[in-house]
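Q:
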Amino acid sequence: MENTEQKEPGYGLLMVAIVTGAFLMTLASSTINIAVPYLMEHFNTGLDTVKWAMTGFMLSTGIIAPVTCYFGERFSYKTTYLISIIGFTLCSLLCALSWNIQSLVAFRILQGAFNGFAVPSTMSIIYQVAPRKKQAMAISLWSLSAMLAPAFGPTISGWIIQNFNWKAIFLMNIPIGIVAIILVVKAVPYYKLNPPAGFDLLGFSACLTASVLILTAFSEAAQWGWTSKETISFFSAGLVLLAVFIFREKHARNPILNFEIFKYKGFTISVIIRSVITMGLYAGSLLTPLFLQNAQHISALDAGLVLLPPSLAMALCMLVVGRLYNRVDPRIFVVGGIISMAAGSYLLSQLSLESSHIYIIMCMTLRNVGIAFATAPVTNLGMSSLDRKLAGNGSAVNNWVAQSIGCLSIGIFTSLLSFLAKQHAVDLSQADTAVHMSKVLLNDKAFVMGINDVYFISVIIVLIAIPLCFLFKREAGDGGKQIAANSGFKPAVVVDNTESL
């Protein structure tokens, strides 16, 4: 093995390759949501079964994330990323060919596993290869691709299902996947660290089982009940195995994850703030579509059109943040973004059945702009505080935590909404005005009141992150050392002549 300088196609083409793959993965995870009623009808099954096509995808993504670092350092992140796109594209074809709901769920779980490899790999490639001055813009473009897909996903899938069928939402991933594969082969440099000596099978087993138990508990808590023996048993067993995993990794000769990264103050603070932002993000992605479709009773396609302008505004702001990051204290972006996010969420806690779509668009735009201003800077502050060789560990931990918090958020907010809506329904039925309301209207009002309560709770959660922002230093340490020369994009790579990818 020898160190050489390898001529690369360029920073721009590299980002196109990363953005295309990230867009594909996020698009596939967002388009299925609007197809749920059609899947229930086609397979003649209930929501409790169909939802595993979504939660199974999320569970497997979260489970795989911690081991991405091993495979990335063992085979290179380019190889890992390329295989993930190939597998993801093939799984899209298998999903379209599903013959029953069980096969669809199985293929979605497998697809989620490939997705779990892709997300940390792309982040690692950015921080290993991109020049430091371009890393903020790179992570903004990376985040932009993840934001554009959910923006267009509901509208695209709604139109496709109305004009074709549910299988088409999986088939459309195939041409995008082929383009992404070609771009990765051509544009992503082969950068390989010294491969780990061995694979910690015991640690992986503990991590795998802990992730399954904890993420399943979060996902099913809304149905089982947060105090049910199933939820408590799964969660407790998961925590025990998680502790075993952490203890094992601290003492293993070849750990899957290097928990030394949490000694970097900037990274630890970043993970905490991102977790809070993620909870706020999932509140909006869950509650607003429910309000539009279940309370105001508009179609899924119309709901997607209402949510499109705020999502586009968020995508545009991602670009603005990337351009201004090196000129403005990034803590200003993070604090301002959190305040904007909290303000938009507070306004959404004042909804009524008569709320106009213009009002919702304005509130969601304010909220989404805040998410855009906070997400990329806080991610870059954390990742750039790490040494380059820990970039893989950092991105794997970031993705693992994000998936876990996502499941936790959905479980908590769904359970709270169900409980609070029932309480409001009881209160409204006992009020004097109940005699003038139909049962449908009463339930709709109670549902909206429950949504308002959950939105207000999300405001409190989001505001917790503000004091933590001031713990960041202006410059996030020496971890983000510029890998390429300022004059051009020529990263120093370690080339193993025995491998071609």
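Start counting the sequence shown at 9; every next residue gets the next number (the working numbering). From the three backbone atoms N, C-alpha and C, an ideal C-beta is built for every residue, glycine too.
(1) If you drop the 5 nearest sequence neighbours on each side, which residues of the same chain put their C-beta closer than 6 Å to that of residue 266?
(2) Pick out whichever of 363, 73, 226 has its Cα sitting closest to the Cα of residue 1.
(3) Take the Cβ of residue 453 as the centre, count every other Cβ of all protein chains shown within 10 Å, and call the residue buried at 16 or more, exposed below.
(4) Can you give me the Cβ contacts of residue 474 inside the same chain, cut-off strictly under 8 Å, excluding the 5 residues immediately before and after it?
(5) Count the other CB atoms within 10 Å of the CB of residue 448; is the residue buried (16 or more) or exposed (fewer)?
(6) Whole angstroms are fine: how far does the CA of residue 74 sit from the CA of residue 392?
(7) Within the same chain, show all residues whose beta-carbon is closer than 7 Å to that of residue 269, passing over the 5 residues directly before and after it, in chain order.
(8) Quick one: what does DSSP say residue 198 is sitting in, helix, strand or coil?
(9) Enumerate in chain order the residues of its own chain whose CB-to-CB distance from residue 206 is below 6 Å, with the five nearest sequence positions on each side excluded.
(10) Just to check my reading of the structure: residue 424 and residue 465 have Cβ atoms closer than 8 Å, yes? What is that Cβ distance to the nearest angstrom?
(11) Which same chain residues end up closer than 6 Å to residue 236 when comparing Cβ atoms and leaving out the 5 residues on each side of it in sequence?
(12) Is residue 25 near residue 153, with beta carbons less than 8 Å apart?
(13) Between residue 44 and residue 58, which are expected to be in contact by the criterion C-beta below 8 Å, what is the C-beta distance as a whole number of angstroms?
(14) Report, in whole angstroms, the separation of the C-beta atoms of residue 327 and residue 148, which I expect to be a contact under 8 Å.
(15) Taking its Cβ as the centre, do 16 or more other Cβ atoms sit within 10 Å of residue 360, making it buried, or is it exposed?
(16) On the DSSP letters alone, give me the boundaries of the alpha helix (DSSP H) that residue 49 sits inside.
(17) Taking its Cβ as the centre, do 16 or more other Cβ atoms sit within 10 Å of residue 106, making it buried, or is it exposed?
(18) Taking Cβ positions, are residue 353 and residue 288 nearer each other than 8 Å?
(19) Could you give the DSSP three-state label for residue 365: helix, strand or coil?
(20) Measuring only from the beta carbon, is residue 438 closer than 7 Å to any heavy atom that is part of the ligand SAM?
(21) Can you name, in chain order, every residue of its own chain whose Cβ lies under 7 Å from the Cβ of residue 284, other than the five neighbours on each side?
(22) Specify the secondary structure class of residue 261 as computed by DSSP and reduced to three states.
(23) Give the range of the alpha helix (DSSP H) segment to which residue 273 is assigned.
(24) Give, in chain order, every unbroken run of the beta strand (DSSP E) that is at least 3 residues long and sits entirely within the segment 416–459.
(25) Can you find the residues in the same chain that come closer than 6 Å, C-beta to C-beta, to residue 79, ignoring five residues on each side of it along the sequence?
(26) Please classify residue 116: does DSSP put it in a helix, a strand, or coil?
(27) Mapping the DSSP letters down to three states, classify residue 234 as helix, strand or coil.
(28) Between the beta-carbon of residue 141 and the beta-carbon of residue 334, is there less than 8 Å?
(29) Helix, strand or coil, according to DSSP, for residue 510 in the structure here?
(30) Check residue 407 in the structure and name its three-state DSSP category.
(31) Could you tell me whether the segment 111–127 touches the segment 299–316, where touching means 3 or more Cβ pairs closer than 8 Å?
(32) Does the pairing of the segment 314–331 with the segment 369–376 give three or more beta-carbon distances under 8 Å?
(33) Check residue 394 in the structure and name its three-state DSSP category.
(34) Output the distance between the C-alpha atoms of residue 233 and residue 198, rounded to the nearest integer angstrom.
(35) Report the three-state DSSP secondary structure of residue 335 (helix, strand or coil).
A: Based on what the coordinates show:
(1) Indexing the sequence shown from 1 puts residue 266 at position 258. Closer than 6 Å at Cβ, skipping near neighbours: 401.
(2) Any property of residue 1 remains undetermined from this structure, which presents the chain solely from 9 to 509.
(3) Position 445 of the sequence shown holds residue 453. Burial is judged here by how many other beta carbons sit within 10 angstroms of a residue's own beta carbon; residue 453 has at least 16 and is buried.
(4) The count along the sequence shown starts at 1 and reaches residue 474 at position 466. Within the same chain, residue 474 has close Cβ partners 343, 346, 347.
(5) Taking the first residue of the sequence shown as position 1, residue 448 is located at position 440. The residue is exposed, with fewer than 16 neighbouring Cβ atoms inside 10 Å.
(6) Sequence index remark: in the sequence shown, residue 392 carries index 384 (1-based). Sequence index remark: in the sequence shown, residue 74 carries index 66 (1-based). If you draw a straight line from the Cα of residue 392 to the Cα of residue 74, it is about 19 Å long.
(7) Translated into the one-based positions of the sequence shown, residue 269 becomes position 261. So the list reads 275, 394, 398, 401, 402, 405, once near-sequence residues are dropped.
(8) Here residue 198 refers to the residue found at position 190 when the sequence shown is read from its first residue. When DSSP states are grouped into helix, strand and coil, residue 198 belongs to the coil group.
(9) Against the sequence shown, residue 206 aligns to sequence position 198. Within the same chain, residue 206 has close Cβ partners 262.
(10) As a position in the sequence shown, residue 424 is number 416, starting the count at 1. As a position in the sequence shown, residue 465 is number 457, starting the count at 1. Going by Cβ atoms, the distance from residue 424 to residue 465 rounds to 7 Å, so yes, they are a contact pair.
(11) Locating residue 236 in the sequence shown gives position 228, where the first residue counts as 1. No residues qualify anywhere along the chain.
(12) The count along the sequence shown starts at 1 and reaches residue 25 at position 17. The count along the sequence shown starts at 1 and reaches residue 153 at position 145. Remark: C-beta atoms of residue 25 and residue 153 do not approach each other more closely than 8 Å.
(13) Here the question's residue 44 lines up with position 36 in the sequence shown. Here the question's residue 58 lines up with position 50 in the sequence shown. Under the criterion of beta carbons closer than 8 Å, residue 44 and residue 58 qualify as touching, at roughly 6 Å.
(14) Counting from one through the sequence shown, the residue named residue 327 turns up at place 319. Counting from one through the sequence shown, the residue named residue 148 turns up at place 140. Contact holds; Cβ gap of about 6 Å.
(15) Counting from one through the sequence shown, the residue named residue 360 turns up at place 352. Per the 10 Å Cβ criterion, exposed.
(16) Along the sequence shown, read from residue 1 onward, the residue named residue 49 stands at position 41. From DSSP, the alpha helix (DSSP H) with residue 49 extends over 44–51.
(17) Stepping through the sequence shown from its first residue, residue 106 is reached at position 98. By the 10 Å Cβ count, residue 106 comes out buried.
(18) Reading the sequence shown from its first residue, position 345 is the one you call residue 353. Reading the sequence shown from its first residue, position 280 is the one you call residue 288. Cβ atoms of residue 353 and residue 288: closer than 8 Å.
(19) Numbered from 1 along the sequence shown, position 357 holds the residue referred to as residue 365. Reduced to three states, the DSSP call for residue 365 is helix.
(20) This structure lacks the ligand SAM; in fact it carries no ligand of any kind.
(21) Here residue 284 refers to the residue found at position 276 when the sequence shown is read from its first residue. So the list reads 469, 470, 472, 473, once near-sequence residues are dropped.
(22) For this step, residue 261 is matched to residue 253 along the sequence shown. It is coil, neither helix nor strand.
(23) Numbered from 1 along the sequence shown, position 265 holds the residue referred to as residue 273. Counted as a single uninterrupted DSSP element, the alpha helix (DSSP H) harbouring residue 273 occupies residues 273–298.
(24) Runs of the beta strand (DSSP E) inside the segment 416–459: none found.
(25) Locating residue 79 in the sequence shown gives position 71, where the first residue counts as 1. Excluding positions up to five away in sequence, the list reads 88.
(26) Position 108 of the sequence shown, counted from the start, is the residue given in the question as residue 116. Helix, per DSSP.
(27) Here residue 234 corresponds to residue number 226 of the sequence shown, with the count starting at 1. Reduced to three states, the DSSP call for residue 234 is coil.
(28) For the purposes of this step, residue 141 is identified with residue 133 of the sequence shown, where counting begins at 1. For the purposes of this step, residue 334 is identified with residue 326 of the sequence shown, where counting begins at 1. For residue 141 and residue 334, yes; Cβs fall inside 8 Å.
(29) The structure shown does not extend to residue 510, since the chain spans only 9 to 509, so no value can be given for it.
(30) Counted from its first residue, the sequence shown places residue 407 at position 399. Residue 407: helix per DSSP, three-state reduction.
(31) Taking 8 Å as the limit for Cβ pairs, the verdict is that the segment 299–316 does not touch the segment 111–127.
(32) Cβ pair count under 8 Å is three or more, so yes.
(33) Walking along the sequence shown from the start, residue 394 turns up at place 386. Coil, per DSSP.
(34) By 1-based counting over the sequence shown, the position of residue 233 is 225. By 1-based counting over the sequence shown, the position of residue 198 is 190. Rounded to the nearest angstrom, the gap between the Cα atoms of residue 233 and residue 198 is 48 Å.
(35) As a first step, residue 335 is located in the sequence shown; it is residue number 327 there, counting from the start. Correct three-state label for residue 335: coil.
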